[in-house]
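Trainee:
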Amino acid sequence: MTATDTTTEAALVHDVHWKIDYRVKLGRAWSRFMRGLQKQELWGTRCESCQRSYVPAQDYCEACYEKITNWVQLEPTGTLRAATIVYQGFEGGPEAPYVVGAVEIDGTHSLLMHFIGGVDLSDSDAARAVLRDGLRVRAVWSDERTAAITDIKHFAVEQA
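Going by my numbering, the first residue of the sequence shown is number 1, and it counts up by one from there.
(1) Just to check my reading of the structure: I152 and L12 have Cβ atoms closer than 8 Å, yes? What is that Cβ distance to the nearest angstrom?
(2) For S53, which of helix, strand or coil comes out of DSSP?
(3) Tell me whether A126 sits in a helix, a strand or coil according to DSSP, three-state version.
(4) Could you check where the alpha helix (DSSP H) with A29 kicks off and where it finishes?
(5) Which of the three DSSP states is assigned to T150 in this structure?
(6) Helix, strand or coil: which one does DSSP assign to T77?
(7) On a Cα-Cα basis, can you pick out the residue from I85, V16, Q73 that is closest to Y54?
(8) Could you tell me the distance, in whole angstroms, from the CA atom of A82 to the CA atom of G93?
(9) Buried or exposed: which applies to I20, given that a residue is buried once 16 or more other Cβ atoms fall within 10 Å of its Cβ?
(10) State yes or no: is the C-beta of L42 within less than 8 Å of the C-beta of A139?
(11) Sorted by chain position, which residues of the same chain lie with C-beta nearer than 7 Å to H154's C-beta, five sequence neighbours on each side aside?
(12) Determine whether the beta carbon atoms of W30 and A63 lie at a separation below 8 Å.
(13) Let's see if you can read the secondary structure: which residues bound the beta strand (DSSP E) around F115?
(14) Does C47 pass the burial test, meaning 16 or more other C-beta atoms within 10 Å, or should it be called exposed?
Right under this line is the structure:
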């Protein structure tokens with residue numbers, strides 16, 4: 001049996017308001033990773049068994065499940081793998097529009113989600129043309145660093 005939806009009523013819209021304050025214990029790997037950011041250093045972890053590297057740093061390998069104890073310092077450069085332009089901001093966040101992207105840091109096997117800066121967002125089509133898979137990016141450090149992910153202000157497009 002099949003049915004066809006012939007509803008002509010408008011979809012419902014609900015206002016939802018969230019304000020969530022929380023405190024997180026970062027653990028060994030993330031604490032060291034964040035302390036590195038405060039010093040403008042990008043540290044990742046490398047699995048001794050399968051040689052996969054991760055940023056942000058992690059204690060266990062996603063591929064072979066081995067405990068990771070090796071640390072590697074990495075260049076603050078990478079490749080944009082995916083991006084989205086955010087048009088609706090949120091309380092406590094940056095003013096919209098802005099870009100969030102998935103950056104594969106050079107020499108790693110993981111993605112770091114972060115802001116992408118330096119892209120003109122006044123023309124959406126032109127911005128989407130720039131924000132393509134394979135785009136080279138470099139970390140731009142915040143002037144004031146507090147051992148937080150925001151110690152990287154954003155990743156900027158590298159000039160060819």
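The C-beta atom is built at its ideal place from N, Cα and C for all residues, glycine as well.
Mentor: From the atom records:
(1) What you label residue 152 is simply residue 152 of the sequence shown in a count that begins at 1. What you label residue 12 is simply residue 12 of the sequence shown in a count that begins at 1. In fact, because the Cβ distance is near 40 Å, the residues do not count as touching under 8 Å.
(2) Along the sequence shown, one-based indexing puts residue 53 at 53. In this structure, DSSP gives S53 an extended state, which the three-state scheme calls strand.
(3) The residue labelled residue 126 in the question sits at position 126 within the sequence shown. Look at A126 here: in three-state DSSP terms it is helix.
(4) To locate residue 29, count along the sequence shown from 1; it is residue 29. First-last of the alpha helix (DSSP H) with A29: 27-38.
(5) Taking the sequence shown and counting its residues from 1, one reaches residue 150 at position 150. Here T150 carries a helix assignment [DSSP, helix/strand/coil].
(6) The residue you call residue 77 lines up with position 77 of the sequence shown. Look at T77 here: in three-state DSSP terms it is strand.
(7) Reading the sequence shown from its first residue, position 54 is the one you call residue 54. The option with the nearest alpha carbon to Y54 is Q73.
(8) Here residue 82 refers to the residue found at position 82 of the sequence shown. Here residue 93 refers to the residue found at position 93 of the sequence shown. Approximately 20 Å, taken between the alpha carbons.
(9) Here the question's residue 20 lines up with position 20 in the sequence shown. It counts as exposed.
(10) Here residue 42 refers to the residue found at position 42 when the sequence shown is read from its first residue. Here residue 139 refers to the residue found at position 139 when the sequence shown is read from its first residue. It is a contact, given that the beta carbons lie within the stated cut-off.
(11) Residue numbering aside, residue 154 sits at position 154 when the sequence shown is read from its first letter. Cβ contact annotation for H154 (same chain, cutoff 7 Å, sequence separation greater than five): H114, F115, I116, G117, V140, in chain order.
(12) Translated into the one-based positions of the sequence shown, residue 30 becomes position 30. Translated into the one-based positions of the sequence shown, residue 63 becomes position 63. Not closer than 8 Å, so no.
(13) To locate residue 115, count along the sequence shown from 1; it is residue 115. First-last of the beta strand (DSSP E) with F115: 112-117.
(14) Sequence index remark: in the sequence shown, residue 47 carries index 47 (1-based). C47 counts as buried, since no fewer than 16 other beta carbons sit within 10 angstroms of its beta carbon.
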